[in-house]
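Before any comments, here is the structure.
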Amino acid sequence: MKMSKLFRKVMIGAVILFGVISIATSVISGWNLYRHLTQEFTSKGTAIIKNIADSGVDMLVNRDLSTLQAVVDQFAEIHGVAYVYVANADGEIISHTFVPGIPDAVRRNQARQSQQAGGQQMQIVDLPVEGLGDIEDISSPMLAGKAGSVHVGMDKKVIRDIIWTSIKHQQIVLLAIFLISTLLAYMVVNRISRPLNLLAEHAQSLASRDFATSREESSDIEALARHAEDELGDLAKSFLYMEETLAHYIAHLQQAKAEVEEYSQKLEVKVRERTQELNERNEALEKTLAQLKDAQQQLVMQEKMASLGSLTAGIAHEIKNPLNFVNNFAELSVNLTQDLRADLEQEKDRISPAVLEDMEELLRDLEQNVQKINEHGKRADSIVRGMLLHSRGKQGERQLTDLNALVEEYLNLAYHGMRAQDASFNVTIEKDYDTSIGKVNLVPQDISRVLLNVVNNACDSVHEKRKESRDAFAPTLRVSTKSLGDRVEVRVWDNGRGIPPAVLDKVFNPFFTTKPAGKGTGLGLSISYDIVVSEHKGELQVLSEEGKYAEFIITLPKNAA
Amino acid sequence: MVRGRFLFSEVGEMAGKNTGWLSRYGLGLLLYFCLSAPLPGGDIVIGISSPFTGSVKANGIELYRGSLAYFEHVNQRGGVHGRKITVKALDDNYNPLTAIANTMQLIEQEQVFLLFDYMGTAVVTRILPVLKLFGDRDVFLFCPYSGGEAQRLPPYDSHVFNLRASYKQETEGLVENLLRIGRKRIAVFYQADAFGRGGWEGVQGALAKHGLKIVAEATYRHGTPFSASFTPQVEILRRGEPDAVISIAFHADGAGFIRDARDAGWDVPIANLSVGGSAILPLLSLEGARTGRQNYTSNLISSEVVPNYEDLSLPAVRQYRELMDRYHPMPPKELSGEGYTPFRYSHIGLEGFLNAKVLVEVLERLGEPPARERLRKVVESIKNLDIGIDTRVSFGPDRHQGMDKVYYFTVEGERYVPVTDWQRWRP
């Protein structure tokens with residue numbers, strides 16, 4: 182049980198009061214004792230002094246210091262006497278009790294006192310002496326100073342010891358009385374305050390709705406209600422009744438509250454579950470939609486490619502024959518112009534120089550024209566051939582191929598091709614082949630064409646960029662292969678001009694080209710896409726940032742059907 | 368004697384009970400005085416109070432043994448005028464209050480004929496008033512082992528017959544010799560009691576004659592053991608920068624002081640009074656052997672009041688040695704207990720022997736029956752008595768000290784030898 186607050190207050194007051202009383206009594210009795218003891222000591226010392234002064238005179242006069250010493254020694258044995266000494270008329274110490282020697286403080290005091298003119302009186306001096314402590318030096322002249330003087334040193338420590346001992350005893354008695362009084366007070370206060378305290382605590386625990394505690398304490402209160410036949414008993418009974426009623430209501434309330442909480446919890450869980458389901462469904466739908474869009478796009482693309490393919494094949498067939506005629510006859514015409522020139526050479530003497538010159542000029546023009554026709558015819562022929570290749574229906578032979586070797590071979594081919602075209606071409610090639618990819622089942626002729634296309638594009642791109650930016654640019658080509666489990670990946674990266682975002686999704690369209698007119702057919706990537714995606718069931722992707730880089734990623738299944 | 372005691376004690380017992388005690392007491396007192404003298408044919412009882420225990424018991428015991436050897440010798444030859452000399456010894460542990468009680472007991476209960484061989488100035492000084500109290504009974508103290516002035520000066524000189532020279536004479540002799548060789552800064556190490564004060568006074572007085580003062584002084588408490596440190600005293604004295612130290616101390620304390628002075632590297636000449644004397648030597652030799660230090664016994668001087676106990680040219684010394692070897696006198700076991708190893712010979716033993724020799728001469732001259740009231744006259748009549756040493760013994764009404772001679776010794780090769788040349792200590 183906690184200590185009653187009332188009692189605690191009374192206790193604190195009592196302790197403070199006790200402290201004040203004990204300090205006050207200690208100070209007063211200590212002071213009184215000090216005064217009385219000091220007086221006692223002084224008179225004791227004085228008595229000793231007088232005794233020695235009276236009996237010692239004889240011995241001093243007789244110069245019998247042995248006997249004087251015997252007397253001095255006797256008095257030095259008295260309790261509280263620290264030392265005794267006798268000085269002669271010249272102030273020299275001629276008998277003393279100091280061991281091992283006369284302290285300097287005593288010597289100084291003796292010298293001072295013997296020089297004083299009024300050394301006829303009894304003197305009391307407070308003297309701190311090394312090794313002896315605080316001393317009260319009492320001195321008296323012998324025969325009015327003619328025979329010398331006697332000094333007694335009274336040890337003040339003895340006084341202090343007595344004072345402290347008596348104060349200690351006093352305090353012990355006081356403390357004992359205080360403790361007994363406190364105990365009695367505690368018992369009395371407890372008898373009155375305990376029931377009140379009990380009720381107060383109980384009320385407090387009720388206030389904090391601590392029914393568990395209050396149940397335990399209730400037994401005490403019940404006992405009180407049953408046994409106490411005074412106001413406290415009535416109070417306890419009312420208290421118990423109130424407690425019961427309160428407990429009843431609170432129990433009801435708590436039950437209702439618990440039910441409500443349960444319902445709301447269930448509701449919340451259900452809402453959360455539904456929301457979750459909806460979200461999941463939403464996501465699935467979104468995914469399906471995206472897949473559908475992709476499929477649609479692919480369909481459109483394939484459709485486009487297919488129609489384009491057949492269109493171009495048709496056109497190519499139609500153009501091929503007339504183009505053959507053009508080419509053959511153009512070639513023939515070149516030969517004819519040469520024959521004509523030879524003939525003209527033979528007959529030049531016969532023709533007037535002006536006509537000859539005119540004829541030769543005409544011949545030269547003719548010759549040039551025919552050559553141009555021939556040249557462009559050949560070019561047209563190669564375009565047509567490309568178109569036919571692109572759109573031809575049959576597929577090449579698949580065989581297990583070392584992809585790394587293939588890449589290396591065509592990389593070199595492309596590079597040297599570029600060098601052959603333009604000696605100023607240069608590029609740093611970084612290769613990173615994954616040797617673990619093993620053999621890949623593919624059509625080597627087709628894939629090599631794809632590689633050649635892609636690498637040629639990269640080389641063109643860096644070469645163009647170099648021409649634009651002169652020496653500040655270090656053209657770099659990075660080619661890598663990588664195994665992706667049942668797939669392989671070939672990446673061709675260049676730091677050339679890149680592809681503008683606007684045309685990024687058009688690069689695989691047939692006849693789309695960014696190269697200057699006459700240089701690209703616009704079919705390379707289109708054909709490549711066809712080979713990789715349709716023929717090999719792989720993927721061809723392009724990543725690029727304009728002005729910085731372009732990267733083509735060819736992904737092929739290792740063992741496509 | 369027995370009867371007298373009976374009456375006295377009976378009267379004493381009755382005194383508290385009977386209202387008419389005064390007349391009876393007076394009668395008893397009268398009877399007591401008449402019967403107090405030894406009866407014809409009885410022993411002559413000598414009373415001794417001496418330290419048979421405590422720190423100076425060696426002094427008390429050796430003095431007693433020396434005396435006893437001669438009494439034994441006299442008794443073997445038939446005693447003095449047919450009376451045997453018996454000794455009643457009490458232990459006072461060098462405590463003045465015990466000595467006073469012992470003296471009262473010896474005088475009143477033991478009815479001794481005289482008091483003899485008391486030890487130490489501190490004790491003798493305090494029992495002098497007792498002698499004065501019993502002065503009208505002619506109780507004399509013979510040959511106390513003390514050079515103190517109190518028993519040599521009025522008012523107590525008439526109750527004491529000293530044999531040995533006084534501390535004053537010893538210290539004066541030492542001071543004079545030291546001054547003569549140029550050692551003028553003299554310090555004093557002394558026992559803090561009447562004995563030490565007596566010696567201190569002697570030194571002070573001797574120096575004062577030359578207008579000099581003691582340059583430093585240090586004390587020790589009686590009973591301080593040899594094992595205690597005397598370094599504080601050494602330091603105090605050293606501060607006065609003396610060129611000689613006079614040590615007024617019993618042998619253990621004197622030796623302790625010398626040990627600590629030498630340990631501190633202080634090789635100043637240290638002069639000891641007879642009381643410290645030859646007994647210092649074995650202590651220091653032992654300590655030297657224990658610690659392996661050689662210098663403990665160097666630069667030591669001692670004054671003695673009897674001749675060298677190894678000087679076989681003296682008949683008394685030869686006799687002393689012969690009687691000691693013959694009788695091996697031992698102290699009373701009930702007083703000193705077991706475990707004391709006596710010296711074969713010693714200065715102090717020789718002094719006890721000479722004391723006894725003089726006392727026997729006194730008793731011889733006292734005649735038969737021995738009467739105390741005639742003692743003073745008999746002793747004061749002794750002149751130029753030869754007791755077998757190199758000086759004579761003389762007493763007189765104004766002279767209650769038989770000898771004046773002071774001998775000086777030093778240590779050479781662990782042996783105690785007479786000083787032949789003081790010049791060796793010239794600084």
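Sequence order for the protein chains is A and B. Each position in the first sequence, counted from 1, maps to that position plus 181 in this note's numbering. Each position in the second sequence, counted from 1, maps to that position plus 367 in this note's numbering. Yeah, the Cβ is synthetic: ideal placement off N, Cα and C, and Gly gets one too.
- Contact annotation for residue 280 of chain A against chain B: 559, 586, 587 and 588 [CB-CB distance below 8 Å, chain order].
- Beta-bridge annotation (DSSP): residue 552 of chain A is not paired with any residue.
- Each of B:534, B:583 and B:734 was checked against the Cα of residue 773 of chain B, and the nearest Cα belongs to B:534.
- Contact between residue 644 of chain B and residue 671 of chain B holds: CB atoms are separated by about 6 Å, below the 8 Å threshold.
- For residue 241 of chain A, the nearest beta carbon of chain B is not closer than 8 Å to its own beta carbon.
- Among the residues of chain B, those whose CB is under 8 Å from the CB of residue 247 of chain A are 488, 492, 515, 516, 517, 561, 562, 564, 565 and 568, following chain order.
- Listed in chain order, the non-local C-beta contacts of residue 741 of chain B below 7 Å within the same chain comprise 733, local neighbours out to five positions each way being set aside.
- For the 8 Å CB-CB criterion, residue 278 of chain A and residue 253 of chain A form a contact.
- The C-alpha of residue 332 of chain A is placed about 13 Å away from the C-alpha of residue 249 of chain A.
- Under DSSP, residue 623 of chain A forms a beta bridge with A:580.
- Taking 7 Å as the upper bound on Cβ-Cβ separation, chain B lies near residues 254, 276, 278, 279, 280, 281 and 282 of the stretch 253-282 of chain A.
- Between residue 292 of chain A and chain B, the shortest Cβ-Cβ separation is not below 8 Å.
- Contact between residue 694 of chain B and residue 439 of chain B holds, since their C-beta atoms are separated by about 5 Å, short of 8 Å.
- Within the stretch 585-673 of chain B, the runs of beta strand (DSSP E) at least 3 residues long that lie entirely inside it are, in chain order, 611-615, 637-639 and 667-671.
- The beta carbons of residue 553 of chain A and residue 508 of chain A sit about 12 Å from each other, so the pair does not count as a contact at 8 Å.
- Take the alpha-carbon of residue 432 of chain A and the one of residue 450 of chain A: they are about 27 Å apart.
- By the rule that beta-carbons nearer than 8 Å mark a contact, residue 600 of chain B touches chain A.
- Taking 8 Å as the CB threshold, residue 234 of chain A stays off the interface with chain B.
- In this model, residue 631 of chain A and residue 712 of chain A are separated by some 7 Å (Cα to Cα).
- Just so you know, the alpha carbons of residue 635 of chain A and residue 511 of chain A end up roughly 34 Å apart.
- Put simply, the CB of residue 603 of chain B is near chain A, with a gap under 8 Å to one of its CB atoms.
- For residue 520 of chain B, the nearest beta carbon of chain A is closer than 8 Å to its own beta carbon.
- DSSP, reduced to helix, strand and coil, places residue 356 of chain A within a helical segment of the structure shown.
- The Cβ-Cβ distance between residue 544 of chain B and residue 707 of chain B does not fall below 8 Å.
- Secondary structure at residue 277 of chain A: strand, using DSSP grouped into helix, strand and coil.
- The C-alpha of residue 437 of chain A is placed about 55 Å away from the C-alpha of residue 473 of chain A.
- Residue pairing for residue 736 of chain A: DSSP places it in a beta bridge opposite A:670 and A:720.
- The beta carbon of residue 555 of chain B sits closer than 6 Å to the beta carbons of 567, 570, 581, 584 and 613 from its chain, once the five residues preceding and following it are set aside; these are given in chain order.
- Between residue 618 of chain A and residue 661 of chain A, the CB-CB gap reaches or exceeds 8 Å.
- Each residue's CA atom was taken as its position, placing residue 668 of chain B and residue 325 of chain A some 43 Å apart.
- Taking a contact to require three or more Cβ pairs closer than 8 Å, the stretch 631-646 of chain B and the stretch 306-321 of chain A do not qualify as touching.
- The beta carbon of residue 325 of chain A sits no closer than 8 Å to any beta carbon of chain B.
- Among the residues facing chain B, residue 251 of chain A is included, as its CB has a counterpart in that chain under 8 Å away.
- Close CB contacts of residue 437 of chain B within its chain, under the 6 Å cut and outside five residues either way in sequence, are with 720, 723 and 724 (chain order).
- When beta bridges are read from the DSSP output, residue 482 of chain A appears opposite no residue.
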